[in-house]
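Here is the structure we will look at, set down as structure tokens.
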Amino acid sequence: MKVKFFDLNADKPLKYAVICARYNGKWVFCKHKERDTYEIPGGHREDGEDIEATAKRELWEETGAKDFDIYPVCIYSFTDYGMLYFAEIRSFGELPPLEIEKINLFDDIPKNLTYPTIQPYLFERVQEFLETK
Numbered sequence: 277m278k279v280k281f282f283d284l285n286a287d288k289p290l291k292y293a294v295i296c297a298r299y300n301g302k303w304v305f306c307k308h309k310e311r312d313t314y315e316i317p318g319g320h321r322e323d324g325e326d327i328e329a330t331a332k333r334e335l336w337e338e339t340g341a342k343d344f345d346i347y348p349v350c351i352y353s354f355t356d357y358g359m360l361y362f363a364e365i366r367s368f369g370e371l372p373p374l375e376i377e378k379i380n381l382f383d384d385i386p387k388n389l390t391y392p393t394i395q396p397y398l399f400e401r402v403q404e405f406l407e408t409k
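Heads up, the numbering used here is the position in the sequence shown plus 276, with the first residue counted as 1.
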């Protein structure tokens with residue numbers, strides 16, 4: 277399967293939000309408590325939630341980010357539709373005691389990814405977005 281990208285559009289069919297985030301020039305990746313790999317922050321949309329609210333909630337839940345700017349990049353699909361975001365984090369609070377064990381900061385995308393068939397493409401798309409921003 278291939279990751280497909282779409283222009284920004286209505287958010288009704290969007291099931292999840294993924295947020296490539298940066299802090300002080302480093303990329304933020306999460307390590308889930310049940311895995312030995314890293315992933316881009318993100319997750320499923322809750323009932324009645326708009327997709328940007330999903331992105332902000334997931335960024336906080338998975339990184340503890342409390343002060344940030346967030347930008348929609350594009351809609352993408354792999355099996356379902358999701359919204360890809362970029363966030364510039366200014367400060368973190370305490371990491372919520374949920375699914376994520378810790379966050380790490382990287383100069384580039386780490387090699388040991390949870391979703392290696394999807395995440396490199398999302399990361400690349402955000403880098404393209406930043407070049408035009």
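C-beta: ideal position from N, C-alpha, C; glycine also.
Beta-bridge partners of residue 341 (DSSP): 368. DSSP places residue 282 in the uninterrupted beta strand (DSSP E) bounded by 280-282. Looking at the DSSP output, residue 336 shares a beta bridge with no other residue.
Per DSSP, residue 377 lies in no alpha helix (DSSP H) segment; the continuous beta strand (DSSP E) that holds it begins and ends at 376-382.
Note: residue 304 is bridge-paired with 297 and 381 in the DSSP secondary-structure output. Fewer than three pairs of CB atoms, one per stretch, sit closer than 8 Å, so the stretch 384-399 makes no contact with the stretch 335-347.
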